[in-house]
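Down below is the structure, laid out as structure tokens.
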Amino acid sequence: MTVIITDAKYRMTLAAIRELSKEGFFVAATTDDGEPALPLAFSSNCVGARHVLESARYAESLLELCEHYRRRDGDRPILLPFGARTTALIASDARFRDAAWTHVPDQATLELLGDKSRVLSLAAELGIPVPEQIVCRDGETVESLAARVPYPAVIKYRNGEALGIKAAGRYRIVKNSAQFQKYYPAFAARDPGTLIQRYIEGDGYGVSVLMKGGEVYSYICHRRLREYPIGGGPSTLARTVYDKTLHAQAVRLLRAAGLEGVAMVEFKGSPETGYTLMEVNPRIWGTFPLTYAAGCRFATAWAETALGIAEPLDELTIPYEVSKRMQFSVSDLMAALSWLKAGHIGPLFSAVGCFFNPRVSGGIFTWDDPKPAFVYLRAILHRRKEQGI
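For the record, in the sequence shown the residue sitting at position 353 is 353 according to the UniProt record's numbering, with numbers rising by one throughout.
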């Protein structure tokens with residue numbers, strides 16, 4: 001059976017490719033000709049076929065690829081999208097329902113879950129804690145608004161991904177009125193629905209869920225241990241956790257939203273103080289390799305759910321190893337160096353220790369498929385050389 005993994009430019013596709021290959025699937029990975037270089041995942045020895053799609057006619061190219069494997073195998077391929085654009089395309093184009101076995105949210109659910117304001121309103125109705133929000137009044141000046149904001153605060157777009165903004169640019173933490181008045185006007189000019197929230201202290205947590213018909217078919221919970229850039233970027237070190245409250249709140253929210261497919265629910269807080277909802281990402285998330293490291297079989301469950309042969313989990317099942325750590329080594333070392341420049345040496349010892357600890361899995365490197373890690377390292381060194389670093 002063929003599984004098509006799209007958007008192989010994203011490093012998290014490696015985990016799905018490796019898992020599905022070991023489960024006996026023939027894995028075809030795709031990218032498009034708009035990318036400047038061949039993707040990292042193409043170097044994996046677990047990839048059965050590599051395809052470069054035409055970006056100018058992306059939908060048609062992907063449909064033609066599905067038809068190619070349908071004719072070769074005598075059955076539709078399984079299609080698992082790893083990028084937001086491809087997920088939205090499959091959700092909105094009915095032709096993919098006939099061309100492949102797939103399981104993604106519909107367009108209305110994608111729009112709901114991608115809109116932070118609507119998600120927070122739904123969560124509040126369900127009794128799930130949300131950040132305090134400050135709403136700009138009609139005709140209110142930025143000076144007046146700044147005087148009402150509790151600091152520190154966060155300015156964020158309602159749906160920065162839909163605006164084409166990279167993750168680091170979708171929000172700004174402001175510590176005082178002067179900073180708010182400096183940054184808020186640019187956010188509001190680009191998105192009149194820009195959110196202003198009280199900053200929530202605590203660690204970042206994610207609950208990633210696969211759902212169908214209101215039932216959970218797989219899930220994994222993780223805690224962020226380190227990120228880069230250190231002021232708020234993608235996770236570089238994460239650990240699986242299990243918290244009944246976290247899991248229940250995420251499932252209740254996604255069930256109310258009518259999720260069919262995958263999504264990650266982000267929280268901040270702690271077991272002692274409780275958790276506050278931040279946002280929902282209705283797609284595959286950056287720490288997805290933790291599913292492979294922790295033996296979750298999330299990609300396999302997704303493929304089998306698309307085929308209609310999976311069974312839902314019972315409420316007592318934890319389908320992954322708890323307390324398993326996963327490190328994106330290069331990014332984590334860069335985060336540790338940033339902390340060192342800020343006067344904190346502890347993260348450097350931690351990052352180096354994790355790198356040499358065989359119980360900490362690599363987000364990219366594995367002993368049975370090492371080439372992608374070397375390709376990744378070479379690309380980083382080349383990029384830094386071009387930047388004169």
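We treat Cβ as the ideally placed atom computed from N, Cα and C, and that holds for glycine.
Secondary structure of residue i, DSSP reduced to three states
i           : result
C221        : strand
L195        : strand
R294        : The identity of residue 294 in the sequence shown is Ala, whereas the question assumes Arg. Three-state DSSP puts A294 in coil, outside helix and strand.
S208        : strand
residue 390 : What the structure shows of the chain is the stretch from 1 to 389, and residue 390 is not part of that stretch, so it cannot be assessed.
E19         : helix
E272        : coil
F365        : coil
R11         : coil
L79         : strand
F356        : helix
R25         : It should be noted that the sequence gives Phe, not Arg, for residue 25. In this structure, F25 counts as coil in the three-state DSSP scheme.
T87         : helix
D203        : strand
T300        : helix
E215        : strand
E311        : coil
Integer Cβ distance of residue i from residue j, believed to fall under 8 Å
i           : j    : result
L80         : W285 : At roughly 14 Å, the Cβ-Cβ gap does not stay under 8 Å, so L80 and W285 are not in contact.
R360        : R383 : Looking at the sequence shown, residue 360 is not Arg but Val. The pair is not a contact, with the Cβ atoms about 25 Å apart (cut-off 8 Å).
V52         : D75  : 24 Å between Cβ atoms; not a contact.
Q181        : A146 : 5 Å
R158        : K116 : 5 Å
I173        : V154 : 6 Å
F267        : L277 : 6 Å
L246        : Y275 : 6 Å
R18         : S44  : 7 Å
residue 401 : E132 : Missing from the structure shown is residue 401; the chain here goes from 1 to 389 and no further.
Residue i - partner residues in DSSP beta bridges
i    : result
Q179 : Bridge partners of Q179: none, in fact.
D32  : L53
N281 : M264
F374 : Beta-bridge pairing links F374 to no other residue.
T2   : F26
R72  : None; R72 has no bridge partner.
R226 : L237
Alpha-carbon to alpha-carbon, residue j and residue i
i           : j    : result
L290        : A59  : 30 Å
C221        : M211 : 15 Å
V322        : L225 : 15 Å
S21         : C46  : 6 Å
I5          : R57  : 18 Å
F349        : T366 : 22 Å
T2          : A336 : 40 Å
L195        : E35  : 32 Å
residue 406 : I318 : Any property of residue 406 remains undetermined from this structure, which presents the chain solely from 1 to 389.
E215        : L254 : 10 Å
F355        : R170 : 30 Å
L62         : S329 : 33 Å
V262        : V149 : 35 Å
A256        : S235 : 28 Å
L163        : L122 : 22 Å
G114        : R283 : 10 Å
L24         : T287 : Reading the sequence as shown, one finds Gly at residue 24 and not Leu. Each residue's alpha carbon lies about 24 Å from the other.
G204        : G231 : 13 Å
L38         : T30  : 10 Å
A293        : Y10  : 17 Å
F187        : P370 : 42 Å
Y228        : L340 : 13 Å
Y376        : L40  : 7 Å
I90         : G269 : 35 Å
C136        : V251 : 32 Å
L14         : G48  : 13 Å
V27         : E315 : 31 Å
A306        : N357 : 36 Å
A342        : M334 : 13 Å
R190        : R97  : 35 Å
Contact test: residue i Cβ vs the ligand NAD heavy atom, cutoff 7 Å
i    : result
Y292 : As presented, the structure is devoid of all ligands, the ligand NAD included, so that no description of it is given.
Beta strand (DSSP E) runs wholly inside the region 319-348, at least 3 long, in chain order:
Correct list: 325-327.
Which runs of the alpha helix (DSSP H), 4 residues or longer, sit entirely within the region 111-183?
Within the region 111-183, complete alpha helix (DSSP H) segments of at least 4 residues are found at 116-125, 142-148, given in chain order.
Please give the ranges of any beta strand (DSSP E) in the region 231-257, keeping only runs that are unbroken, at least 3 residues long and fully inside the region.
235-241
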